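Contents: one structure, followed by commentary.
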Amino acid sequence: MADGVGRIRLPRVPMNAVAAKQPDSILRWVRPPRQARTRASLSRLLDAAEQLVAQRGFEDASIAEIARMAGTSVGGFYRRFRDKQGLLHALHERFCEEAEATADEAFDPARWEGAGAREIVEAFVGFLIEIYREKAGLLRAFLVQAGLDPGVRQRTERLFEYLAAGLRDLLLSRREEIGHPDAATASEFGLRVVLGAMNSTIQLGTRQLGLDDPRLHDELVRVFSSYLDISTDPPA
């Protein structure tokens, strides 16, 4: 993990850490396990599903392959999930919980002592691009389902609101560097613009300024910073 304003590399939050904080929420779409051994098998199923969905997409990741990779049977899969849609909800909920836990650490004010608003935007955009690059297949499946499933859509919007609030508070503590007359609204809207651009990139498979193009980071930072009207002069 890097401190300060360099590229943030936060470790994936283990499922067990999230489950310990909110032991029931991860199981909302799953038949709740009763033993530690059963909980471990659930974690293996989710890990296997996430890997296959990331590689092949949700539709092409078969239940048989997921079960085989997790070291269980198809029957074992159906003892945990009603169907494949239940699996997707469990994956999405785990992703959102991990994202919130990661955001709590990323937005810790102590991490950004001495950093200006533009440095925060640069690091945050870079971290988002890393996540999208590593989890493009999984995020693509979530985006498709968000248009079809109210549960996924509502959870996605709650996650956005959580991220937007953390970034907003961090930027507002540097209000004197931001020229936009409504910095709070601008912070949220700017985040929507950045995420919208990256969502479009993974959905359409954009070749120019794709996720692997280093110019994407610079252009998104320019868009966000210009919209916020961040001063280029260091604060007094």
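Each residue of the sequence shown is one higher than the one before, counting from 842 in our numbering.
Glycine included, C-beta positions come from ideal geometry on N, C-alpha and C.
Bear in mind that the values here come from a model prediction, so they are computed numbers and not experimental data.
For residue i, the residue or residues it bridges with in DSSP
{"i": "residue 1071", "result": "1019"}
For residue j and residue i, the rounded distance between their alpha carbons
{"i": "residue 939", "j": "residue 1067", "result": "30 Å"}
{"i": "residue 977", "j": "residue 1024", "result": "30 Å"}
{"i": "residue 880", "j": "residue 987", "result": "27 Å"}
{"i": "residue 922", "j": "residue 907", "result": "12 Å"}
{"i": "residue 965", "j": "residue 1005", "result": "12 Å"}
{"i": "residue 898", "j": "residue 956", "result": "38 Å"}
{"i": "residue 1038", "j": "residue 979", "result": "17 Å"}
{"i": "residue 910", "j": "residue 896", "result": "13 Å"}
{"i": "residue 1045", "j": "residue 963", "result": "24 Å"}
{"i": "residue 994", "j": "residue 884", "result": "24 Å"}
Selection from the options that minimises the alpha carbon distance to residue i
{"i": "residue 1007", "options": "954, 987, 997 and 1028", "result": "1028"}
{"i": "residue 1019", "options": "1039, 973 and 1071", "result": "1071"}
{"i": "residue 990", "options": "961, 930, 1014 and 960", "result": "930"}
{"i": "residue 947", "options": "969, 936 and 935", "result": "969"}
{"i": "residue 912", "options": "935, 901, 900 and 888", "result": "888"}
{"i": "residue 1035", "options": "1060, 1015 and 1017", "result": "1060"}
Close beta carbons around residue i, own chain, < 7 Å, minus the five adjacent residues each side
{"i": "residue 1009", "result": "1025, 1028 and 1029"}
{"i": "residue 904", "result": "915, 918 and 925"}
{"i": "residue 1013", "result": "1024 and 1025"}
Contacts around residue i, its chain only, beta-carbon distance under 8 Å, and the 5 residues preceding and following it disregarded
{"i": "residue 1053", "result": "974"}
Contacting residues, own chain, Cβ-Cβ under 6 Å from residue i (five flanking each side not counted)
{"i": "residue 983", "result": "933"}
{"i": "residue 928", "result": "890 and 922"}
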